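First comes the structure, then the notes that go with it.
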Amino acid sequence: MKKRILAVILAGFTAVSCMSGCKSKETSKTDVTKITMWTANSHSKLEMENLVNEFNRTIGKEKGIEFEYIIKENDLAKQVEIALSTNQAPDFFGGVDLEKGVQNDYIAPIEDLPGGDELIKKYDGRLTEGWHTYNGKTYRLPVSVTTMGLIYNKDMFKSAGIVDEKGEAKAPETIAEMVENAKKLTDAKKREYGIILPLKWSAWFGYDVDRVVMPSVGFSGYNPKDGTFDYSGYKPLLEAIMQIKSDESYYPGAEGIDNDPARARFAEGNIGMKIGYSWDVGVLNDQFPAKCDWGVAPIPTYTADEKYLQPTQPSWSPSISKKSLETKDKEKIMTVFEWFVGDDLARELYKRGVQIPFDYSVIDGIELGSDVKKGWKEFGELLKISTDLSPTIKTDTDGKTTIANNFVNSVWTGKMSIDALIADANKVYNDGAKKYKDLHPDYDTSTVINPDYNVKRQEG
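Sequential numbering from 42 applies to the sequence shown in the numbering used here.
Structure below.
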């Protein structure tokens, strides 16, 4: 009898244990961790929402992850700053200065993630100090870039007889050809002009001069080979711009034209050329639909024989919240991070016409659909002859006039010569580098000096 009672008790205990164990297993299956990312990338909103939903249905469901991708329409940096200061930050975010984020203990190094060291190896030689790395640790990885090119009006080129042997519009290969073409394309009576120069745009010199120089010289002002500033290579380009002014082959009133109005005027079809960027694909297809047949060509160079790689502009890279690594499953955070920076997502976003990956091999050989917007393929292909901008040595130039302001306010207006501009810039920025080093003796300049630096283009 006692044995029977004991057996019943044991059976009951086993049943309860089984129920408890089964319930525990069910809970683990439904134990979903929410991983959140804040971004300002509204241009890819629809595509990313669809791809994130797919992630959650597949990888997320399998791993117990719900990835929430939130687009902040207003000032992302300000919103992230407030969230970080109140311990309400998302797991991934943009809009934070790397140095400040690390010093305030807001951002975690990727090395702290499981498999982080292995993931970083893939990007060897492509990480920039101050943007991706800081003091020997890696905090961001390159995801996508903006490429640049010369946007040109094929209709105007054909009408002016600037064509190849097949009768197709022929974009200029050299800066001299660009000047010559601008003159040939200009007919003031028809209000047709060879090129538009949006001098009012505060970033004009940085984007349309600094970066345009690099394919001809190999660097933009700062020479990474020896750690000095040398603007002498700017002279042929600046002389070309002043020649265009002298020829009156630019759209009148350059001093009062910002970049948006410049793009709108190009879209009207009466301007031959404009320096453009891959972000202009959306502008000329949607914001200001172009009324002309237009194309994208490599940036013209000083000579056709010696060319260097064009610069790319890095797009945003997500930072990882240090607090999240302390409070959430690191494996799950790493799963989301690997997917977000992975080749599969980069390839898909390129195919959908919203993002150009940092590595050309990711898109090499991809056939784009007929629904991809005009100009997207050309800007994507320019990645093949492009590279990252090298990091610049830190300077202290407080109280000095920038080369950009000097050109627009003094050279363009005839108050300063190009030679004087270059001499002043060389002194201001080299003195500024020395001043910064004197004030910060611990600053390690080796991270921005590379004696082996070489971006010579290998044609073919």
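Here a beta-carbon is modelled for each residue, glycine too, at the ideal position from N, C-alpha and C.
Predicted model only: the values in this text are computed from it and were never measured.
{"Query": "If contact is defined by three or more beta carbon pairs under 8 Å, each pair taking one atom from either stretch, is the segment 128-146 in contact with the segment 358-366?", "Result": "yes"}
{"Query": "Is the Cβ-Cβ distance between Val496 and Leu350 less than 7 Å?", "Result": "yes"}
{"Query": "Considering only residues of the same chain and omitting the five flanking positions on each side of Lys476, which have a CB-CB separation below 6 Å?", "Result": "Asp437"}
{"Query": "Pick helix, strand or coil for Tyr263, following the three-state DSSP scheme.", "Result": "strand"}
{"Query": "According to DSSP, is Phe329 part of a helix, a strand, or is it coil?", "Result": "coil"}
{"Query": "Which residues does DSSP list as the beta-bridge partners of Ala210?", "Result": "Val204"}
{"Query": "Quick one: measure Cβ to Cβ for Lys199 and Asp205, integer angstroms, because I've assumed they're closer than 8 Å.", "Result": "Wrong, their Cβ atoms sit about 11 Å apart, outside the cutoff."}
{"Query": "Specify, as a first and last residue, the run of the beta strand (DSSP E) that Tyr193 falls within.", "Result": "Met189 to Asn194"}
{"Query": "What's the gap between the Cα of Val344 and the Cα of Gly101?", "Result": "Residue identity check: residue 344 is Thr in the sequence provided, not Val. If you take the alpha carbons of Thr344 and Gly101, they lie about 53 Å apart."}
{"Query": "Using a threshold of 7 Å, state whether the C-beta atoms of Leu154 and Lys371 are closer than that.", "Result": "yes"}
{"Query": "Could you please give me the residues that DSSP links to Gln351 through a beta bridge?", "Result": "Ser427"}
{"Query": "So the beta strand (DSSP E) Trp357 belongs to, where does it begin and stop?", "Result": "Element bounds for Trp357: n/a, residue is neither H nor E."}
{"Query": "Just how far apart, CA to CA, sit Glu221 and Tyr175?", "Result": "46 Å"}
{"Query": "Which same chain residues end up closer than 7 Å to Asp493 when comparing Cβ atoms and leaving out the 5 residues on each side of it in sequence?", "Result": "none"}
{"Query": "At what residues does the beta strand (DSSP E) containing Ile106 begin and finish?", "Result": "Ile106 to Ile112"}
{"Query": "Determine the direct distance from the alpha carbon of Phe260 to that of Asp267, and round the result to whole angstroms.", "Result": "12 Å"}
{"Query": "As an exercise, report each continuous alpha helix (DSSP H) stretch of at least 4 residues that is fully enclosed by the segment 125-176, in chain order.", "Result": "139-144 and 157-162"}
{"Query": "Return the residue from the list Gln499, Arg498 and Val489 that minimises the CA-CA distance to Asn264.", "Result": "Val489"}
{"Query": "Go to Ile236, then tell me how far its beta strand (DSSP E) extends in each direction, as first and last residue.", "Result": "Tyr234 to Ile236"}
{"Query": "Bridge partners of Asp228, per DSSP?", "Result": "Glu233"}
{"Query": "Report yes if the CB atom of Gly135 is closer than 7 Å to the CB atom of Pro432, and no otherwise.", "Result": "no"}
{"Query": "If you check the beta carbons only, do Tyr272 and Asn467 fall under 7 Å apart?", "Result": "yes"}
{"Query": "Beta-carbon within less than 6 Å of Pro213's beta-carbon, same chain only, minus the 5 sequence neighbours each way: which residues are those?", "Result": "Met219, Asn222 and Pro341"}
{"Query": "Restricting to Cα atoms, I'd like to know which of Thr454, Thr77, Gly317 and Ile216 is closest to Val121.", "Result": "Thr77"}
{"Query": "Assign Gln144 to one of two classes, buried (16 or more other C-beta atoms within 10 Å of its C-beta) or exposed (fewer than that).", "Result": "exposed"}
{"Query": "Please classify Pro293 as buried or exposed, where buried requires at least 16 neighbouring CB atoms within 10 angstroms.", "Result": "exposed"}
{"Query": "Suppose contacts are defined by Cβ-Cβ distances below 7 Å. Is Ile151 in contact with Ile161 by that definition?", "Result": "yes"}
{"Query": "Where does Ile203 land, buried or exposed, given buried means 16+ other C-beta within 10 angstroms?", "Result": "buried"}
{"Query": "According to DSSP, Val337 sits in a beta bridge with which residue or residues?", "Result": "Ile192"}
{"Query": "Quick check on the DSSP output: the alpha helix (DSSP H) that includes Thr368 runs from which residue to which?", "Result": "Lys363 to Thr368"}
{"Query": "Let me confirm a value: Lys348 is counted as buried when at least 16 other C-beta atoms fall within 10 Å, else exposed. Which label applies?", "Result": "buried"}
{"Query": "Would you kindly work out how many angstroms separate the C-alpha atoms of Leu390 and Leu168, rounded to a whole number?", "Result": "22 Å"}
{"Query": "Using DSSP with H/G/I as helix, E/B as strand and the rest coil, what is Tyr494?", "Result": "coil"}
{"Query": "Please classify Arg252 as buried or exposed, where buried requires at least 16 other C-beta atoms within 10 Å of its C-beta.", "Result": "buried"}
{"Query": "Under the assumption that Pro352 contacts Leu430 (Cβ atoms under 8 Å), give the Cβ distance between them as a whole number of angstroms.", "Result": "5 Å"}
{"Query": "Is it true that the CB of Pro183 sits closer than 7 Å to the CB of Phe399?", "Result": "yes"}
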